[in-house]
Every structure is written in C-alpha cells, then in structure tokens.
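J.: Quick note: to get this note's numbering, add 174 to the position in the sequence shown (first position is 1).
Dumping the structure here so I can ask a few things about it.
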Amino acid sequence: MNQSIQRQSPNNVSLLISQSRTNTLGNKTGTWRFVRPKYQEKTAPCSNECPLGVDIATVEMFASRKDYQRALQAILMENPFPAICGRVCFHPCESACNRQFLDQSIGIHHIERFLGNWGLSNKHSQINYPRLNGAKIGIIGAGPAGLSAAYFARCLGYQCDIFEKSDKSGGLLAMGIPSFRLPDHTLTGEIQRLNTDGIQFNYKQSITMDQLDTMGQSYEALFLCCGDALPISLNIAGAMHTIDGLNLLRQIRKHEAPVLGGTVAVIGGGNTAIDVARSLLRMGAHPIIVYRRTRNEMPAHPHEIDAALDEGVVLKECLSPIEIQKESNQLQMRLQVMKSGEKTNKGRQIYVPDGNHSETMPVNHVVSAIGAEMEIMWRNDQWDLSMSHCQMKNKSDIPVFWCGDLTTSEKTVTHALASGKQAAIAFDILKNKGPNEIHSLCHKLEVGTGPAMSFEIYRQGKRKQRSNSEIVNFERVNAAYFHNIPAVQVNRLSQDTCLDTFDEVISGFDESQMIKEASRCFNCGICNDCDTCRIFCPEMAIQWDQNSRHILMDYCKGCGICIAECPRDAMNLEVEP
Ligand code: SF4
Ligand code: SF4
Ligand code: SF4
175 MNQSIQRQSP
185 NNVSLLISQS
195 RTNTLGNKTG
205 TWRFVRPKYQ
215 EKTAPCSNEC
225 PLGVDIATVE
235 MFASRKDYQR
245 ALQAILMENP
255 FPAICGRVCF
265 HPCESACNRQ
275 FLDQSIGIHH
285 IERFLGNWGL
295 SNKHSQINYP
305 RLNGAKIGII
315 GAGPAGLSAA
325 YFARCLGYQC
335 DIFEKSDKSG
345 GLLAMGIPSF
355 RLPDHTLTGE
365 IQRLNTDGIQ
375 FNYKQSITMD
385 QLDTMGQSYE
395 ALFLCCGDAL
405 PISLNIAGAM
415 HTIDGLNLLR
425 QIRKHEAPVL
435 GGTVAVIGGG
445 NTAIDVARSL
455 LRMGAHPIIV
465 YRRTRNEMPA
475 HPHEIDAALD
485 EGVVLKECLS
495 PIEIQKESNQ
505 LQMRLQVMKS
515 GEKTNKGRQI
525 YVPDGNHSET
535 MPVNHVVSAI
545 GAEMEIMWRN
555 DQWDLSMSHC
565 QMKNKSDIPV
575 FWCGDLTTSE
585 KTVTHALASG
595 KQAAIAFDIL
605 KNKGPNEIHS
615 LCHKLEVGTG
625 PAMSFEIYRQ
635 GKRKQRSNSE
645 IVNFERVNAA
655 YFHNIPAVQV
665 NRLSQDTCLD
675 TFDEVISGFD
685 ESQMIKEASR
695 CFNCGICNDC
705 DTCRIFCPEM
715 AIQWDQNSRH
725 ILMDYCKGCG
735 ICIAECPRDA
745 MNLEVEP
C-alpha cells in the first residue's frame, strides 16, 4: 500500500512523495540485472606518491574518529617512524592529494606527526613482534635504511644485529638534521621502538669490505646500509679554508661547534646547505647561500628554501666559487658568474660560465655543502638482483643487499626507509621462495604505479583485497559531497623567537586541529562507512548487518546508483558473469 506525504516546495506547490509502508521483499528485481555492483577499495593518489606507500586514506579516517591506536598501527605497518617522517619527510603525498583540486591539500605530514607524537607518549603503541624464526641478519649502519631494514626484518621474525661505527643510532637523522627540525627526544623515542628482543645494536663497530666474508659465516644475509659518508670537497684553489657542512651540523648537534661569526658563505643548493645556513643564523652569523644555478634548480625541498629565506638567509644564484684566498682575518672568495646553457636530453637546464665575468665576495668563513658520496669500498656495479631501492649480490654464497644511499638516486630519509623495507621483504622471498620469485612477488606488493611496496599486502592484510593498481584521481571522487573548508594552519614559533633558539620551529597540530584537518580528507578509494550507497539504493538491496555492508543480489537491479553516489569510488560495477 502506498501513502502520499504532502510537503511544501519553496514556491508553495505541493510535493507528493510516495512512500511504501511494506517491505519490498516480494519484488525480486535481480533478474533484470546485466551488471552488478561490488565493494572494491582502491589506492588513493597520496599513497601512490608516498615512497613508503602508507595507507593514508585509512590513517586519516581513523584519525578523524579519534581512533589513534588504529591510525598509528596503519602507519606503523608501512613506516616505522611517523614522528620523524612527520617532521623531515618532503611529503610528496601532499602534492598528489585530490583535495587540492577543491581547495587545498590535506596536511598529511602534520597529521602523521601528531600520531607519531601520540605514539611516543602512549606505551600501547609498541609493536607486537612475532617470535624469532632462528635466522640472523647482519646490518651495517644504523641510519634510516639500516633501522628500517631491522624493523621490517624483525617483523618477519629475523634476528638482526646492527653494526654502527659511531656511538649512537640515527645516522643522518642524528647528525645531519638540526634539532629545530628534528628534536633529540623524537628521534630517540622512535628508535626505542626497535629496542626489542631480537634487535641488537653494536656501536663503535666499523666494518670493512674485507670483514664481510668472515661476517657472512654468522649470518644468513648482510645488509649494507652505510649511507653516503664521504663529503665531496670543493676542487678549487684555497679549498683548505673551507669547513665541511655535514661535519659542522654534527658538531652543532653535539654542542661542539666552533664559533662562526660574521658573514659566512655556504656553498651548495641541497638540504644540507639550507640546514647549515639556518643553523648559522641561530648562532648569530650572517649566512649567504652561494649556488651555481638558480633557485628553481636547487635540490633542497622548496618548503625548506622558503623557511630559510623567510628567516633571513640570503641566496646568491648563478655563482660558482673558483678561488678562496686568505687575507689577514678575512677570506676573499672569487666567484665565476654562470648563465643558463643548453638542456640535457632529460630536460635539465645546464649552467655554464658567463665568459670571464667574476666577482669577489669578502667573507669570514666558507662552508662547503656540495654533497657526500659513498666510500669507495662499497662501490659495485655487478648485481645478481637489481630493484628500485636495493640491490643484491651473492658474496661467498651469502646474499649481500646494498641499501639506502648506496643504491637509491633519491637520497631522502623516506627513500632510505623504503629501501630497508624492500630489502627485508626481498630477503624473505629469497629465503622462502627462491631468487626467481623476488621480482614477480614484489611487483604484486606495489602500491598504485609503484615502486612503493606495501608490507601489509605482503602480510596478507586487508589491503590485499584492494585493487591496488587502480588510483582514484579527482575525476573519480564525487565532489558534490564535499564543500570548501580551508586547510588548518599549523602552529609555529614566531619569526622573532625562532632565531634565538634551536627549539623546533614547527610545533604541529593540537588535537582539535588534527581532527579538523583529518576530517577534510575524502578518504579516496576506501570505504569509510558513510552509508551513502545504502541510503540511495532504490531497491533497498544494500543491507548492514554484522558490522558489514552487503548487497542482496536478489533485489539489486544493477542500476549503478550506489556506485555513482559513493563519494570516494569505493565500489565498482561489473558485467554479470
Ligand atoms: S612518509 Fe612522507 S610521503 Fe609518506 S605519508 Fe608520510 S609525509 Fe607523506
Ligand atoms: S583527500 Fe585524503 S585520501 Fe584523498 S588524496 Fe588527499 S589525503 Fe589522500
Ligand atoms: S557510499 Fe560510503 S558506505 Fe558505500 S561504499 Fe562508498 S564509502 Fe562505503
């Protein structure tokens, strides 16, 4: 029996909405159907860009519900260090975020940082490592790649012995990033997560290539995660008057830095040059970054360059040092003026000397921050296995994996973490399935277009059920469900106070800010239980029971309304078999 409900439209014309007072169980419409809907989760574009393949849509969903435990566990499945990455990762995830096409990208790294901090102050966030399986791995280097390899290998049941030549863990994180970007307590707090039965740290242990053969007798695999530890020197007359930038950052971190006042030229355009210049500002000096190309070509992350310039660092572009002369208490640095030349095959702009044009810059000190390279002994180009972030060679019948800076061309903390993860998974496949399975199985673990790999998929978690290679771009989001909400601005020290201290410049979101920002996320490609599909189904064929939503195929007539209405493309329409 139908009943009419009378409503008033805005212009007072009656609207008649028919409403059934019985259920529709008698009307089986399934026989009409030639296509059928299916719940099918996919990959969000942010996850596709994250080198670690973090399941960001799921993280934001739990974070917005204040379910911090599950949000953090979702990150820790793919990334051992959310509080660190939330501070130092260059967050390529945000450049791919669909929300930018409506208003502004989600502040993914600020949310990650909040959750990482929450984990540090909450002992329930510790990892439940599995039992040891009896096999042992030796890891050379306790930087990001080595720590990540140890974490994922331990999660797979391997005992890991880490050999580190310095007296602490962290590598570049501990020695090459200033505390105003990454405080000690955050770094040591997250590394504590690895302090478990089965991960053994051995400090002040410098390993050489010759020792690897002997070490191989005690381990089933060796992971070389030494990082680029050899500073590249300026090859010009007077180079002996320069100070090494990485070493200076290390000294600052240990409170052992020399006093550097006056004008200090910092040569280079990478993140180290930026970190050195910002540190010098805090030490009372006047840093000038001298770079041989323009700002657009600087390898440093754009947001770090912005931060340095905002704080008062001066940037001199298209100048390349050719000579440094010492004159009493000053240095005279002669600089070649550069100009743009042709482009390489890959489209990179080349800079060449602009005739004989040069200028002289009087400075008190010169810091060289033009990069670092691997120590010669780790060089190799004959691989038995070559992957995106690690390479392997059998040495005396022991697989030796080259990881982190030793193999990846993108030398960021996050790529180093991804490298350690890839090496741990590749070794597990090698051990359990043999060398021929590594490439094909790793390919199945890729998130989106790769090369990021998912540990959750490898562990046969829920993410395995997704169509992981399908990426939900903005055209696939039902934008009608979302309205403009400006991004939440993060708290930071004021410009006046930040230069008086090495305290963190960015203090992050408080809880309400974090929830507000996480709630802006579309949760692209995953089902967040919004129930829109069930509400809109004209046949009432979608049922919610036992904590899951399912489609009654006897009543679904395959109209596809549920799929069209799903705000986040978490359903597919398939042709009837
Ligand atoms: S690790 Fe970096 S890229 Fe990945 S989610 Fe975190 S901030 Fe984004
Ligand atoms: S809206 Fe959320 S899930 Fe979608 S791309 Fe942005 S952060 Fe990722
Ligand atoms: S409409 Fe909502 S409940 Fe239905 S599949 Fe999409 S996200 Fe999940």
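We treat Cβ as the ideally placed atom computed from N, Cα and C, and that holds for glycine.
Note that the structure is predicted; figures quoted are calculated from it, not measured.
Mind checking which residues open and close the alpha helix (DSSP H) that includes residue 416?
T.: Where residue 416 is concerned, there is no enclosing alpha helix (DSSP H), although the beta strand (DSSP E) it sits in stretches over 416–418.
J.: Let me have the residue list for ligand 2: C-beta closer than 6 Å to any non-hydrogen atom, ordered along the chain.
T.: Checking every Cβ against the heavy atoms of ligand 2 under 6 Å gives 218, 219, 220, 230, 231, 234, 271, 272, 273, 280, 282, 695, 696, 697 and 698.
J.: Measure the beta-carbon distance from residue 226 to residue 592 and round it to whole angstroms, keeping in mind my assumption that it falls under 8 Å.
T.: Yes, residue 226 and residue 592 are in contact; Cβ-Cβ is about 5 Å, under 8 Å.
J.: Please return the same chain residues whose Cβ sits closer than 8 Å to the Cβ of residue 421, not counting the five positions on each side in sequence.
T.: Excluding sequence neighbours, residue 421 sits near 405.
J.: Curious, which full-length beta strand (DSSP E) runs of at least 3 residues does the segment 540–570 contain?
T.: If we require 3 residues or more, the beta strand (DSSP E) runs fully inside the segment 540–570 come out as 564–569.
J.: Could you tell me the distance, in whole angstroms, from the CA atom of residue 177 to the CA atom of residue 213?
T.: Below a pLDDT of 50, predicted positions are generally treated as unreliable, and residue 177, at 42, falls in that range; no measurement from the model is reported.
J.: For residue 541 versus residue 416, is the C-beta spacing smaller than 8 Å?
T.: Yes. Within cutoff.
J.: In chain order, what residues of the same chain have a beta carbon less than 7 Å from the beta carbon of residue 586, not counting five sequence neighbours either side?
T.: Around residue 586: 264.
J.: Confirm the yes/no value for this check: CB of residue 623, any heavy atom of ligand 1, distance under 7 Å.
T.: The answer is no for residue 623.
J.: DSSP state of residue 668, grouped into three classes?
T.: If DSSP states are grouped into helix, strand and coil, residue 668 belongs with coil.
J.: DSSP three-state call for residue 639: helix, strand or coil?
T.: Note: residue 639 maps to helix in three-state DSSP.
J.: In whole angstroms, give me the CA-to-CA distance for residue 693 and residue 573.
T.: Going from the Cα of residue 693 to the Cα of residue 573 covers about 46 Å.
J.: Following a CB-centred definition, is residue 745 positioned closer than 7 Å to any heavy atom of ligand 3?
T.: Yes, the Cβ of residue 745 comes within 7 Å of a heavy atom of ligand 3.
J.: Tell me whether residue 152 counts as near ligand 1, meaning its Cβ is closer than 7 Å to at least one heavy atom of that ligand.
T.: This structure leaves residue 152 out entirely; the chain is present only between 175 and 751.
J.: Between residue 704 and ligand 3, is the CB less than 7 Å from at least one heavy atom?
T.: Yes, ligand 3 has a heavy atom inside 7 Å of this Cβ.
J.: Grouping DSSP H, G and I as helix and E and B as strand, with all else coil, what is residue 392?
T.: Coil, per DSSP.
J.: Mind checking whether residue 441 and residue 352 have CB atoms under 8 Å apart?
T.: No. Outside cutoff.
J.: If contact is defined by three or more beta carbon pairs under 8 Å, each pair taking one atom from either stretch, is the segment 682–698 in contact with the segment 279–297?
T.: Short answer: they touch.
J.: Taking Cβ to Cβ, would you say residue 492 is nearer than 8 Å to residue 468?
T.: Yes, the Cβ-Cβ distance between residue 492 and residue 468 is below 8 Å.
J.: Can you grab the Cα-Cα spacing for the pair residue 179 / residue 723, in whole Å?
T.: Below a pLDDT of 50, predicted positions are generally treated as unreliable, and residue 179, at 43, falls in that range; the measurement from the model is reported next regardless. For residue 179 and residue 723, the distance between alpha carbons rounds to 29 Å.
J.: Between residue 267 and residue 220, is the Cβ-Cβ spacing less than 8 Å?
T.: Their beta carbons are under 8 Å apart, which means residue 267 touches residue 220 by this criterion.
J.: Note down the Cα distance separating residue 657 from residue 275, rounded to an integer number of angstroms.
T.: Residue 657 and residue 275: Cα-Cα distance of roughly 12 Å.
J.: State the DSSP-derived secondary structure class of residue 657, mapped to helix, strand or coil.
T.: In the structure shown, residue 657 sits in coil (DSSP, three-state: anything other than H, G, I, E or B).
J.: Taking the alpha-carbon of residue 454 as reference, which of 386, 381 and 419 has the nearest alpha-carbon?
T.: Of the candidates 386, 381 and 419, the one whose C-alpha sits nearest the C-alpha of residue 454 is 419.
J.: Let me know the secondary structure DSSP gives residue 733 once reduced to three states.
T.: Residue 733 falls in the coil class under three-state DSSP.
J.: Just checking residue 253 against ligand 1 - is the residue's beta carbon closer than 7 Å to any of the ligand's heavy atoms?
T.: For ligand 1, at least one heavy atom lies less than 7 Å from the Cβ of residue 253.
J.: Could you tell me which residues DSSP puts in a beta bridge with residue 234?
T.: Note: residue 234 sits in no beta bridge, so no partner.
J.: Would you tell me roughly how many angstroms separate the C-alpha atoms of residue 598 and residue 436, rounded to the nearest one?
T.: In a straight line, the C-alpha of residue 598 is about 48 Å away from that of residue 436.
J.: Return the bridge partner residues of residue 717 from the DSSP annotation.
T.: DSSP lists 724 as partners of residue 717.
J.: Could you check how far apart the C-beta atoms of residue 337 and residue 301 are, in whole angstroms? I think they sit under 8 Å.
T.: Actually they are not in contact, since the Cβ atoms of residue 337 and residue 301 sit about 22 Å apart, beyond 8 Å.
J.: Can you tell me the Cα-Cα spacing of residue 195 and residue 296, whole angstroms?
T.: If I take the Cα positions, the gap works out to 52 Å.
J.: In three-state DSSP terms, what is residue 644?
T.: It is a strand residue.
J.: Give the range of the beta strand (DSSP E) segment to which residue 652 is assigned.
T.: Residue 652 -> no beta strand (DSSP E), and no H or E assigned at all.
J.: So what's residue 486 in DSSP terms, helix, strand or just coil?
T.: Looking at residue 486 - three-state DSSP - the assignment turns out to be coil, as it is neither helix nor strand.
J.: Checking the sheet assignment: what are the DSSP bridge partners for residue 525?
T.: Looking at the DSSP assignment, residue 525 forms a beta bridge with 514.
J.: Under the criterion of a Cβ to heavy atom distance below 7 Å, does residue 265 qualify as lining ligand 1?
T.: The answer is yes for residue 265.
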